[in-house]
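Here is the structure we will look at, set down as structure tokens.
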Amino acid sequence: MVRATTDRAVGEIRPLLADRGCRIEGGLRLRTLADVITRLGATGRTALMDATGIRVRRPGAHRGGRSRFISGKSGINAMKALVITDERGRPLFCGEVRAGSVADITQAGDAGLVDLLADTIDLQILADAGYQGLAAQTHGQVVTPPRKRRDKILEHLQWLMAHHEAARFTHSSARIPVEHGIAHLKNWRALARHHTRRDSLPDTSRAVAGLLTDQQATHHTKALAPATTPA
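For the sequence shown, the working numbering begins at 2 and goes up steadily by one.
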């Protein structure tokens, strides 16, 4: 089979896998960010949110906009995907891919998260400091860690500083599963480094997330299956 035929087949299958969405309990699937918010509102569960950079090829020297893909955090040529998981780190959504230079909070805003949360109450999505500012825009539904305090006056109030740092530690600990979820996504070679066209990454990220949740659901079902004893 020639390379062109393989590439064409992958190109046809990729969007089909992407459109399947992430599998959750009961065999239901979440295909969009709106589906995720609706599900969280119906169940009252907490979600975890972060963005992850995926290495991509840099645009050619003769093309404009090369600097857009340079991540301000890592300095590599990347695009970033928005990832939302449940409290155990299982993906609920992976997509809304943007260039690596786009700030996390800007990506979330462009994805329509603020507008979606305008119609909900009492949701809780834990996020890191890169999303500070969303709490005010979402009536506290996006929860970020307390800002670092550098006030010299507070240095003399050890009990207050200790309470502040404890709150930051608690928030950070609660977010650990989303880091594990991202690590599982990046165990797939297609997201460890994206070698093909950059415009195929949005579908690739969604396809991988869907396949990963299928895999996790299968493993969970097998783990719950009763052990058979030999006759």
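Glycine included, C-beta positions come from ideal geometry on N, C-alpha and C.
None of these values were measured; they are calculated from a predicted model.
Checklist entry - Quick one: what does DSSP say T86 is sitting in, helix, strand or coil? => result The three-state secondary structure of T86, taken from DSSP, is strand.
Item to check | For V69, three-class secondary structure by DSSP | outcome: First, the amino acid is wrong: residue 69 is Arg here, not Val. Three-state result, R69: helix.
Next on the checklist: Taking the alpha-carbon of G22 as reference, which of V144, P203, H221, H220 has the nearest alpha-carbon?
Outcome noted: Closest by alpha carbon: P203.
Next on the checklist: Would G82 and G96 be called neighbours here (beta carbons separated by less than 9 Å)?
Outcome noted: First, the residue type needs correcting, since residue 82 is Ala and not Gly in the sequence shown. At a Cβ-Cβ threshold of 9 Å, A82 and G96 count as neighbours.
Item to check | Cut-off 6 Å between Cβ atoms - residues of its own chain near H195, not counting five sequence neighbours on either side | outcome: Spatial neighbours of H195 in its own chain (CB-CB distance under 6 Å, excluding positions within 5 residues in sequence) are listed in chain order as I55, V57, L202.
Checklist entry - Which residue comes first and which comes last in the alpha helix (DSSP H) that contains D111? => result Start and end: 105 to 111.
Next on the checklist: Among T107, T86, V144, G134, whose alpha-carbon lies nearest the alpha-carbon of V37?
Outcome noted: Measuring from the Cα of V37, the nearest candidate turns out to be T86.
Item to check | H164 classed as buried or exposed, judged by whether at least 16 other C-beta atoms fall within 10 angstroms | outcome: Its Cβ having fewer than 16 others within 10 Å, H164 is exposed.
Checklist entry - Nearest-angstrom Cα distance between A232 and P178? => result Only weak support is given to the placement of A232: the predicted model assigns it a pLDDT of 48, under 50, and the value that follows is read from those uncertain coordinates. Spanning the two alpha carbons is a distance of roughly 41 Å.
Checklist entry - Quick one: what does DSSP say A52 is sitting in, helix, strand or coil? => result For A52, the three-state secondary structure derived from DSSP is strand.
Next on the checklist: Using DSSP's beta-bridge definition, name the partner residues of K81.
Outcome noted: For K81, which the question treats as bridged, DSSP gives the partners G54, R99.
Item to check | DSSP state of I177 mapped onto helix, strand, coil | outcome: In this structure, I177 counts as helix in the three-state DSSP scheme.
Item to check | Three-state secondary structure assigned by DSSP to Q125 | outcome: Q125: strand per DSSP, three-state reduction.
Item to check | Expected contact under 8 Å - CB spacing of R24 and D215 to nearest Å | outcome: Correct: roughly 5 Å between the Cβ atoms.
Next on the checklist: I need the straight-line Cα distance from T7 to G42, nearest angstrom please.
Outcome noted: T7 and G42 have their C-alpha atoms some 42 Å from each other.
Next on the checklist: Which of the three DSSP states is assigned to R198 in this structure?
Outcome noted: In the structure shown, R198 sits in coil (DSSP, three-state: anything other than H, G, I, E or B).
Next on the checklist: Please state the DSSP three-state secondary structure of T47.
Outcome noted: Under the three-state reduction of DSSP output, T47 falls in the strand class.
Item to check | Neighbour-count burial assignment, H185, 16 or more Cβ in a 10 Å radius | outcome: Looking at its Cβ environment, which holds 16 or more other Cβ atoms inside 10 Å, H185 is buried.
Next on the checklist: Here's the rule: buried if 16 or more other CB atoms are within 10 angstroms of the residue's CB, otherwise exposed. What is L17?
Outcome noted: In this structure L17 is exposed. Its beta-carbon is surrounded by fewer than 16 other beta-carbon atoms within 10 angstroms.
Next on the checklist: Less than 9 Å between the beta carbons of L135 and A109, yes or no?
Outcome noted: Closer than 9 Å, so yes.
Item to check | alpha helix (DSSP H) segment containing D20, residue limits | outcome: Per DSSP, D20 belongs to no alpha helix (DSSP H) and is neither H nor E.
Item to check | C-alpha gap between F170 and A137, whole angstroms | outcome: Put simply, the backbone Cα of F170 is about 22 Å away from that of A137.
Checklist entry - Looking only at DSSP bridge pairs, what is R30 linked to? => result Within the DSSP secondary-structure output, R30 pairs in a beta bridge with R24.
Checklist entry - Between I77 and S102, which are expected to be in contact by the criterion C-beta below 8 Å, what is the C-beta distance as a whole number of angstroms? => result About 11 Å separates the beta carbon of I77 from that of S102, a gap too long to meet the 8 Å contact definition.
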